[in-house]
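Peer 1: I have a structure here, written as structure tokens, and I will follow up with some questions on it.
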């Protein structure tokens with residue numbers, strides 16, 4: 900539904916492996932990071948491995964909460980960087996952690 904989807908489909912083979920999810924609370928975000936076995940908790944999103952970050956605790960921890968919220972970075976917001984692991988393994992890892 901993104902307005903630039905058609906353009907992206909013309910320019911790229913496949914799409915980004917970056918996914919954002921708002922789980923609602925910081926506790927739920929922390930629990931997700933603890934339940935995952937393949938996704939590693941890390942701020943660096945440039946590797947080939949699958950990573951997860953919680954910006955409110957990591958990359959944007961120094962930004963005041965009100966400003967983070969205005970930026971769309973709520974306490975339960977997590978970022979996933981999908982790596983080169985098997986798709987089915989990653990889906991199973993997320994399904995198990997999100998239960």
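In the working numbering, the protein residues as written are 900 to 998. Ideal Cβ placement from N, Cα and C applies to all residues, glycine included.
Pop quiz: residue 942 and residue 949 are said to be a contact at Cβ under 8 Å. What is the actual Cβ separation, rounded to whole angstroms?
Peer 2: Residue numbering aside, residue 942 sits at position 43 when the chain shown is read from its first letter. Residue numbering aside, residue 949 sits at position 50 when the chain shown is read from its first letter. Not really, about 14 Å apart at Cβ, beyond 8 Å.
Peer 1: Could you check where the beta strand (DSSP E) with residue 951 kicks off and where it finishes?
Peer 2: Counting from 1 along the chain shown, the entry for residue 951 is found at position 52. Per DSSP, residue 951 belongs to the beta strand (DSSP E) from 950 to 952.
Peer 1: The beta strand (DSSP E) spanning residue 979 covers which residue range?
Peer 2: For the purposes of this step, residue 979 is identified with residue 80 of the chain shown, where counting begins at 1. Residues 976 to 980.
Peer 1: My understanding is that residue 920 touches residue 977, with C-beta atoms under 8 Å, so please give their C-beta distance in whole angstroms.
Peer 2: Translated into the one-based positions of the chain shown, residue 920 becomes position 21. Translated into the one-based positions of the chain shown, residue 977 becomes position 78. Right, their Cβ atoms sit about 5 Å apart.
Peer 1: Return helix, strand or coil for residue 990, following the three-state DSSP convention.
Peer 2: Here residue 990 refers to the residue found at position 91 when the chain shown is read from its first residue. Looking at residue 990 - three-state DSSP - the assignment turns out to be helix.
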